[in-house]
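Using numbering that gives the first Met the number 0, you'd call the opening residue of the sequence shown number 0 and step up by one each time.
Here is the structure we will look at, set down as C-alpha cells.
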Amino acid sequence: MKIQLVPFLAFCLLGFSCSEKTDSSSNSNEWELVIEDSIQVDFMGEIWMGTFENGKGIVKDITTQAVLQFDSTGKLLVNKVFPKDGPGKVDWFESIVIDEKGEVYASTSFNNIYHFDPNLNLLETLKMPFAGEARGGLRNARNLAKWNNKLLLWYPGREGISPYIDNFYRDYPLLELFDINTQTSIPLINTPPTSKFSTAEFFNRPYMQFTIESDSLYLTFTNEEQVHVYTLPEGKWIRSMGFAPTDFKLYPGQKAPVTYEQMMTMSEAMIMGIYSDPKHLILTYKGGIDSETFIQNELKNRENFHRYPEFNRSYLKVYSLNHAKWSTEIEIPAKIDFILNIESTDQSFYALRNDDFIGEEQEYLTFYKLRLRQK
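Set out below in C-alpha cells:
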C-alpha cells in the first residue's frame with residue numbers, strides 16, 4: 000500500500016486533525032474524518048457503483064460493464080464481464096449487497112435479482128413476481144439490503160404503477176420485501192405524514208436510500224432533511240428525525256411538477272448515503288449549488304460537469320442512537336468522489352478518488368482508506 004503524503008497533508012490543512020488520539024469520553028458524539036492511506040487497483044474505467052464489506056470491495060464499471068472485486072491492499076481478485084445473452088446472462092444491475100457469508104446479491108429494474116458466490120460466480124437468477132417500472136437511478140444508491148433471508152429493495156412497478164406518475168410517493172408503497180426462498184414479494188413502507196412528499200405540493204423527484212439495523216429500518220428521501228424510522232417486518236412508521244444541515248439547498252414546494260427547465264437552473268442538495276452500526280447512523284450529503292452560481296458558471300453544460308465539486312460541498316454527520324444526538328457537520332474533501340460503504344464507526348472504510356477533479360490521468364483506480372475518529 001502507498002501512503003498519499005501530499006493529499007494527506009492537504010487534508011490536514013483543511014482543518015482535520017491528524018494527531019494520534021486515543022478514545023475520549025464515551026458520551027462524545029464529535030468526530031473527525033482522517034485519510035489513513037490509499038490503495039490502487041489495477042484497472043481503468045468509470046465506476047458507477049460499489050461497496051466494501053467483510054474485507055472485500057466490489058465495484059462496477061459503466062463503460063465495459065466489468066464487475067471487479069479487490070481486497071484491502073488493492074489486489075484485484077476478480078475482473079468479470081458477464082454475457083448479455085445465453086447461459087450466465089447478467090443484465091445491468093444497480094445496487095449490490097454482500098451478506099455475512101460473502102455472497103453477493105444485485106438488484107435490477109427488470110425482474111431479475113442476481114445471486115453470486117463470494118468469487119462472483121453466478122449461483123442463481125431470482126425473479127421478482129412483476130415487471131419493474133423504474134428507468135434509471137442514483138449512482139451508488141443504497142436501496143438494497145438483506146434481512147432474515149429476505150431482500151428489502153426499491154423496485155416500483157406493482158400493479159403496473161409507474162414511479163413517474165404525479166404523487167407516486169404520497170399514494171403508493173415505496174419498497175418491496177422479497178422472500179429469497181419462495182421468490183414472492185410483499186409491498187412495504189409508506190411515506191409518513193411528517194414527510195413533504197405526503198403533501199399535495201410538488202417537489203423535485205427524490206431517490207430513496209436506507210439502512211437496516213437489527214429490526215429497525217432507517218429511510219431517507221435524497222432531497223429531504225429527515226430520516227424516517229420503521230420497524231420490520233411490519234413496516235410500521237415509528238418516528239422521523241431531522242438532521243439540521245447548515246447547507247442544503249432545495250427547490251420549494253409548488254402547485255405543479257418541477258420541470259426540466261427548472262432543474263437546469265440549480266443543483267439541488269442530496270443525501271448521498273446512509274450507513275449504520277448498532278450505536279450510530281451516518282449520513283453523507285451534498286449541499287447543492289444555488290441558482291446564481293449554477294447559471295454564471297454554465298454548470299448545465301457537460302464540459303463543466305467536472306467543476307461541480309468546486310461549488311457543491313459534501314458533508315458527513317453521525318447520529319448517536321444511544322444519546323439521540325447528531326454530531327456537527329464534517330466537510331468531505333472534494334477530491335473524494337463517493338464513499339463505497341461504512342460498516343461501523345470503529346472500522347476503516349474506502350472511497351473512490353475523484354481523478355477528474357484532481358486533474359490527474361492514471362492507469363489505475365485509487366481508493367482512499369478513511370476512518371472516523373472520535374474526539
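Virtual Cβ for every residue (Gly too), placed ideally from N, Cα, C.
Classification of residue i by the beta-carbon crowding that lies within 10 angstroms, buried from 16 upward
i: I57; result: buried
i: M263; result: exposed
i: T21; result: Low per-residue confidence applies at T21: pLDDT is 37, beneath 50, and the placement is therefore not dependable, though the value from the model is reported in the following sentence. Looking at its Cβ environment, which holds fewer than 16 other Cβ atoms inside 10 Å, T21 is exposed.
i: K334; result: buried
i: E360; result: exposed
i: G286; result: buried
i: V194; result: A quick correction: the sequence has Ser, not Val, at residue 194. Buried: at least 16 other Cβ atoms inside 10 Å.
i: V40; result: buried
i: T258; result: exposed
i: G358; result: exposed
i: R301; result: exposed
i: I348; result: The amino acid occupying residue 348 in the given sequence is Phe; Ile does not appear at that position. Buried, since its Cβ has 16 or more Cβ neighbours within 10 Å.
i: I38; result: buried
i: Q208; result: buried
i: Y367; result: buried
i: I95; result: buried
i: P192; result: exposed
Separation of residue j from residue i, as counted between CA atoms
i: K278; j: T124; result: 35 Å
i: L121; j: Y113; result: 7 Å
i: T310; j: N139; result: Residue 310 is actually Phe in this sequence, not Thr. Straight-line Cα distance between these residues: approximately 21 Å.
i: A378; j: I185; result: Nothing can be reported for residue 378: it is not among the residues displayed for the chain, which extend from 0 to 374.
i: K74; j: M271; result: 27 Å
i: N381; j: Y307; result: In this structure the chain extends from 0 to 374, so residue 381 is not present and cannot be described.
i: P155; j: K374; result: 42 Å
i: D426; j: T292; result: Residue coverage of the chain in this structure runs from 0 to 374, which leaves residue 426 outside it and unanswerable.
i: L119; j: V80; result: 11 Å
i: T50; j: I237; result: 29 Å
i: R169; j: D98; result: 32 Å
i: Q253; j: K83; result: 43 Å
i: N189; j: R134; result: 21 Å
i: I281; j: I341; result: 8 Å
i: T283; j: P244; result: 11 Å
Beta strand (DSSP E) segment containing residue i, residue limits
i: F356; result: That residue, F356, is in no beta strand (DSSP E); its alpha helix (DSSP H) goes 354-357.
i: E330; result: 329-331
i: T264; result: Here T264 belongs to no beta strand (DSSP E), and DSSP marks it neither H nor E.
i: Q208; result: 207-212
i: Q346; result: Unbroken run through Q346: none, as it is neither H nor E.
i: P186; result: 183-187
i: I294; result: Counting along the chain, I294 falls outside any beta strand (DSSP E), though it belongs to the alpha helix (DSSP H) covering 290-295.
i: Y229; result: 225-230
i: Y217; result: 215-220
i: F366; result: 364-373
i: D276; result: 269-276
Whether residue i touches residue j by CB criterion (8 Å)
i: L364; j: I46; result: yes
i: L174; j: L151; result: yes
i: T325; j: F242; result: The sequence shown places Trp at residue 325, rather than the Thr named in the question. Yes, the pair counts as a contact, with Cβ atoms nearer than the cut-off.
i: G87; j: A65; result: no
i: T344; j: L371; result: yes
i: S106; j: F115; result: no
i: Y217; j: S266; result: no
i: N203; j: Y250; result: yes
i: L231; j: D214; result: yes
i: P128; j: F201; result: no
Residue interval of the alpha helix (DSSP H) (run including residue i)
i: D36; result: Unbroken run through D36 is the beta strand (DSSP E), 30-40; no alpha helix (DSSP H).
i: F167; result: 167-170
Output the residue ranges of the beta strand (DSSP E) runs that lie fully inside the segment 46-92 and measure 3 residues or longer, sorted by chain position. 46-52, 55-60, 66-70, 75-79
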